[in-house]
Amino acid sequence: MISFDIERDLYKKNIIMIGVDEAGRGSWAGPLVSTACWFDFTKYKSLHSEINDSKKLKSSKRREIILSLDNFVKYSSSIASVVEIDKYGLSYANSIAMKRSIFSLTHQLKKHSQIYRNKDFCIYVDGKFKPDFKNLDNFLQRNKLHLDKYSIKALVKGDSLCKTIALASIISKEIRDTIMRQWSKKHPSYLFDSNFGYGTKNHINAILKNGVLDLHRKSFKPIATTYGKIN
2 MISFDIERDL
12 YKKNIIMIGV
22 DEAGRGSWAG
32 PLVSTACWFD
42 FTKYKSLHSE
52 INDSKKLKSS
62 KRREIILSLD
72 NFVKYSSSIA
82 SVVEIDKYGL
92 SYANSIAMKR
102 SIFSLTHQLK
112 KHSQIYRNKD
122 FCIYVDGKFK
132 PDFKNLDNFL
142 QRNKLHLDKY
152 SIKALVKGDS
162 LCKTIALASI
172 ISKEIRDTIM
182 RQWSKKHPSY
192 LFDSNFGYGT
202 KNHINAILKN
212 GVLDLHRKSF
222 KPIATTYGKI
232 N
């Protein structure tokens, strides 16, 4: 069972804790989805008891958990499009999606004076590396999404160690899977409702038979090196 140790520690320090995770990083097609999540720690016992790494849960359980969320949970989800992934590369695109979701959530929280009260934010992201938002702004030559008073930490296997990150992973995956199911209705032969854009055998066979779509990430191997030549 995932503990609430990180959330409890930050709550005692009067710091707002936000957990962030993404879905779709390794997919050959479709967007990246990032979710930033926060919950009122005083009500942690009201959270669904089976919150865990999204990869360990069936879709039905993920939906059940999302539907159980009450107004003491706030979250925001954002995407990085296929165009952005191909233009900026996966790491920058991932940071773009994360910053969008964090920016949106922090602005939600600031509207609630009983939550915010001029507190600092501590952002935990799943993974080995924390996004460098300052470098991202310089790279994109824009700073439209200003974040202030925050620290950011990376937590390896965060979706298995931290409830807030695990919840963010559940929401991201379910949103992204829903997006890919919608694309499957438009392109049924690619079976996106079962492979969700990942490099499965049925996806490869569909590409070999039907070619590459605009939905595919042209910068990704083997789309860029092998299958991208088939059209």
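Numbering (the numbering used here), first residue to last: 2 to 232. Note that beta-carbon positions come from the ideal geometry of N, C-alpha and C, so glycine has one too.
Leaving aside the five residues that flank residue 27 on each side, the residues in its chain whose CB is nearer than 7 Å to its CB run, in chain order, 199.
It is roughly 12 Å from the alpha-carbon of residue 179 to the alpha-carbon of residue 25.
Residue 160 is a Cβ neighbour of residue 166, given a cutoff of 9 Å.
When DSSP states are grouped into helix, strand and coil, residue 23 belongs to the strand group. One alpha carbon belongs to residue 106, the other to residue 75, and they sit about 7 Å apart. Residue 205 sits in a helix when the DSSP states are folded into three classes. Here residue 17 is bridged, per DSSP, to 122. For residue 36, the enclosing beta strand (DSSP E) stretches over residues 33 to 40.
The alpha-carbon separation between residue 151 and residue 206 amounts to approximately 46 Å. Fully contained in the stretch 42 to 90 are the following alpha helix (DSSP H) runs of length 4 or more, in chain order: 60 to 69 and 83 to 89. When secondary structure is reduced to three states using DSSP, residue 215 falls in the coil class, being assigned neither helix nor strand.
Under the three-state reduction of DSSP, residue 92 is assigned to helix. CA-CA distance, residue 226 to residue 34, rounds to 25 Å.
The continuous alpha helix (DSSP H) containing residue 116 extends over residues 114 to 117. The three-state reading of DSSP puts residue 210 in helix, counting H, G and I together.
With 16 or more other CB atoms across the displayed protein chains lying within 10 angstroms of its CB, residue 70 is buried. Residue 13 has its alpha-carbon roughly 46 Å from the corresponding atom of residue 222.
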